[in-house]
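Protein chains: 2
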Amino acid sequence: MTVLVFLDPAHDDGRIVDASQPQLMATDLGATRGDGLFESLLAVDGAPRKLEAHLSRLAASAAALELTVPDAGAWRRAISTGLREFTAAEPDRSSAVVKLLATRGVEGADQATAWVQVNPVPAATLAQREAGLRVLFLERGYDSTVAQRAPWLLMGAKTLSYAVNMAAVRHAKAHGADDVIFTSSDGKVLEGPTSTVLLAHDRDGQKTLMTPQLESGILAGTSQSALFAAAKEQGWELGYGPLEPHHLHEADAVWLISSIRLLAPVISLDGQELRTSATLTAELTELVDRFV
Amino acid sequence: MTVLVFLDPAHDDGRIVDASQPQLMATDLGATRGDGLFESLLAVDGAPRKLEAHLSRLAASAAALELTVPDAGAWRRAISTGLREFTAAEPDRSSAVVKLLATRGVEGADQATAWVQVNPVPAATLAQREAGLRVLFLERGYDSTVAQRAPWLLMGAKTLSYAVNMAAVRHAKAHGADDVIFTSSDGKVLEGPTSTVLLAHDRDGQKTLMTPQLESGILAGTSQSALFAAAKEQGWELGYGPLEPHHLHEADAVWLISSIRLLAPVISLDGQELRTSATLTAELTELVDRFV
Numbered sequence: 001m002t003v004l005v006f007l008d009p010a011h012d013d014g015r016i017v018d019a020s021q022p023q024l025m026a027t028d029l030g031a032t033r034g035d036g037l038f039e040s041l042l043a044v045d046g047a048p049r050k051l052e053a054h055l056s057r058l059a060a061s062a063a064a065l066e067l068t069v070p071d072a073g074a075w076r077r078a079i080s081t082g083l084r085e086f087t088a089a090e091p092d093r094s095s096a097v098v099k100l101l102a103t104r105g106v107e108g109a110d111q112a113t114a115w116v117q118v119n120p121v122p123a124a125t126l127a128q129r130e131a132g133l134r135v136l137f138l139e140r141g142y143d144s145t146v147a148q149r150a151p152w153l154l155m156g157a158k159t160l161s162y163a164v165n166m167a168a169v170r171h172a173k174a175h176g177a178d179d180v181i182f183t184s185s186d187g188k189v190l191e192g193p194t195s196t197v198l199l200a201h202d203r204d205g206q207k208t209l210m211t212p213q214l215e216s217g218i219l220a221g222t223s224q225s226a227l228f229a230a231a232k233e234q235g236w237e238l239g240y241g242p243l244e245p246h247h248l249h250e251a252d253a254v255w256l257i258s259s260i261r262l263l264a265p266v267i268s269l270d271g272q273e274l275r276t277s278a279t280l281t282a283e284l285t286e287l288v289d290r291f292v
Numbered sequence: 001m002t003v004l005v006f007l008d009p010a011h012d013d014g015r016i017v018d019a020s021q022p023q024l025m026a027t028d029l030g031a032t033r034g035d036g037l038f039e040s041l042l043a044v045d046g047a048p049r050k051l052e053a054h055l056s057r058l059a060a061s062a063a064a065l066e067l068t069v070p071d072a073g074a075w076r077r078a079i080s081t082g083l084r085e086f087t088a089a090e091p092d093r094s095s096a097v098v099k100l101l102a103t104r105g106v107e108g109a110d111q112a113t114a115w116v117q118v119n120p121v122p123a124a125t126l127a128q129r130e131a132g133l134r135v136l137f138l139e140r141g142y143d144s145t146v147a148q149r150a151p152w153l154l155m156g157a158k159t160l161s162y163a164v165n166m167a168a169v170r171h172a173k174a175h176g177a178d179d180v181i182f183t184s185s186d187g188k189v190l191e192g193p194t195s196t197v198l199l200a201h202d203r204d205g206q207k208t209l210m211t212p213q214l215e216s217g218i219l220a221g222t223s224q225s226a227l228f229a230a231a232k233e234q235g236w237e238l239g240y241g242p243l244e245p246h247h248l249h250e251a252d253a254v255w256l257i258s259s260i261r262l263l264a265p266v267i268s269l270d271g272q273e274l275r276t277s278a279t280l281t282a283e284l285t286e287l288v289d290r291f292v
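Chains as they are written, first to last, in UniProt numbering: chain A, 1 to 292; chain B, 1 to 292.
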């Protein structure tokens, strides 16, 4: 089932609405211009995970979009309402996907539309985590320095304008793959359409975890960030790009990490098998399990 | 007022709905992913203008998005219904904006959501046409050859993922300008966020009209195309880029052309005054008036 809770100044804890009925105006700029932002987070046993990190990224996206959205407290209360409703309806499910969405609202109204959506975790997502991912490199079209000189491109914001991300995944599926890693026009590894890239090396027991540098215009991964903090405590070395495709081919293991699918091993890149490591995956999954 | 007509297999001429009520599902991929397409066209005296060109571009956008949308006949009938309803409600308005929208529909439903929206032409749009436009060059981040090698970037498709286009216009307004002309990372002139770039030369009576080449990843302008056909009949020479910023500074006149605002002179670029020509604007406006 889907639970929808709209953020509404007249309802402190959010307004639960019937998800089987239309709830958005057809003139909402979210629908007509993809003009808005979102976050997807996991809830386990009725509690949202990494909530502060997601609310903080939501605020950063809102700033990039110059969009006034409800404050963190209003989001927290609406999330609680949504999860309570979801757990009551689906008591046997231990986890759920919580989406936070905010649009620029109806054209001319100057008032954001904001809502929380709670859904079961799709079975296909869990299956990919287990089976691993066949991935294609696809060019994102931007060079890795553009984010710093062209803020209007909204590179670090998680906007509702995801048509290209969706088209890239369709392209991968049409070519026998499961997912995509974007590269920049100057040959750097960027990110997945809905995930962050990780690679690891184990050299004589010194383990290193690497991810592309944020300055290349990628989204700040909340799961990557939490995992890096946990890995550092365990003695891992950490590294931040720039990464090129050959670094992924040379690594001891490569993963895509995101808030719902969590840590998923990449098993091939452009049809070429990659090294994988059950040991490293198990070790990092144990660290991921601490924050989810 | 706003008239909304949903395309619906159960209603041959479309289903008129109450535009003051929510009509979209909050889980529609148009709203949650900007995953869909649109067209904006002008109607004059109840008749849509350049309808075949818009329906043809809509079909091209659908192909790029691999999205199955209603056929041209269904769109034509829904547009007629919408315009009839609009004219009945607003008999004194001679023109209207007709938007055609189609999304990938509700997640998992595998059925596009498609509707027609009819509105008055905003007064601000007409004012810009008269006053002329102060324009900023802003980098679009892509090089001018990427569209040909990366179809997943959807460069020639008119998608609902317009957050960057909207952010660019906001950036211009925050910097004292009205609109934007995007440039490629390799320094070519591309297009406006919602318009096509035109420039003209008049050299000893031989008039030339130029626009950036389509291969640079810009949208095929329906108004530019119709104006070029009309100008050719009048003995104009036609040219298709590549154009660089200096070509605009050197031209006898520069315009942005689009379906609703029509031909609007550019009066300054990055704060530097441009040559304008009341004669050329009048002559081309007379040609535009033939197809609108």
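No residue lacks a Cβ here, since even glycine has one placed at the ideal position from N, Cα and C.
- Taking a 10 Å sphere around the C-beta of A:K50, we find 16 or more other C-beta atoms and assign the residue as buried.
- Among the residues facing chain B, A:P70 is not included, as its CB has no counterpart in that chain under 8 Å away.
- Here the alpha carbons of A:A220 and A:A226 stand approximately 11 Å from one another.
- Judged by beta-carbon spacing, A:R261 lies within the 8 Å limit of A:T125, meaning their Cβ atoms are closer than that value.
- Under a 10 Å Cβ-count criterion, B:L238 is classified as exposed, with fewer than 16 other Cβ atoms of the shown protein chains found around its own Cβ.
- Annotation: Cβ neighbours of A:P22 in chain B (cutoff 7 Å, chain order): P22, Q23, L24 and M25.
- With respect to chain A, the C-beta atom of B:D28 has a partner C-beta closer than 8 Å.
- Under the three-pair Cβ rule at 8 Å, the segment 124 to 141 of chain A does not count as touching the segment 16 to 35 of chain A.
- B:G108 and A:P122 have their C-alpha atoms some 11 Å from each other.
- A:H175: not part of any beta strand (DSSP E); DSSP gives it neither H nor E.
- Rounded to the nearest whole angstrom, the CA to CA distance from B:P245 to A:K188 is 29 Å.
- Of B:V164, B:S95 and B:A172, the smallest CA-CA separation from B:V292 is found for B:S95.
- Excluding the 5 residues flanking it on each side, B:R15 has same chain C-beta neighbours closer than 6 Å at F6 and D8, in chain order.
- Ranked by Cα distance from B:A278, the options B:D289, B:L269, B:D270 and B:A264 are led by B:A264.
- Nearest neighbour of A:L42 by Cα position, chosen from A:E52, A:R33, A:N165 and A:P151, turns out to be A:E52.
- When C-alpha distances from B:T2 are compared across B:T183, B:D18, B:D12 and B:D13, the shortest belongs to B:D18.
- Sequence-distant partners of A:F137 (beyond 5 residues in either direction) whose C-beta falls short of 7 Å from its own C-beta, in its chain, are I181, T183, P245, L269 and D270.
- Within 10 angstroms of the beta-carbon of A:H175 lie fewer than 16 other beta-carbons, which makes it exposed.
- For A:Q117, the nearest CB of chain B lies under 8 Å from its own CB, placing it at the interface with that chain.
- Under the 8 Å Cβ criterion, the segment 77 to 87 of chain A counts as touching the segment 111 to 120 of chain A, having at least three qualifying pairs.
- For A:D204, the closest C-alpha among the options A:W236, A:L190 and A:G217 is that of A:W236.
- Here A:Q234 carries a coil assignment [DSSP, helix/strand/coil].
- By the Cβ neighbour-count rule, B:E39 is buried, with 16 or more other Cβ atoms within 10 Å of its own.
- Taking A:P70 as the centre and dropping the five residues before and after it, the same chain places the C-beta of L7 and A114 closer than 6 Å to its C-beta, in chain order.
- Burial check for A:S259: the Cβ neighbour count within 10 Å reaches 16 or more, so the residue is buried.
- Going by C-alpha positions, A:E66 is about 43 Å away from B:K207.
- Ranking A:V44, A:P48 and A:T159 by CA distance to the CA of A:R93 puts A:V44 first.
- Residue state for A:I267 is assigned as strand, using DSSP reduced to three classes.
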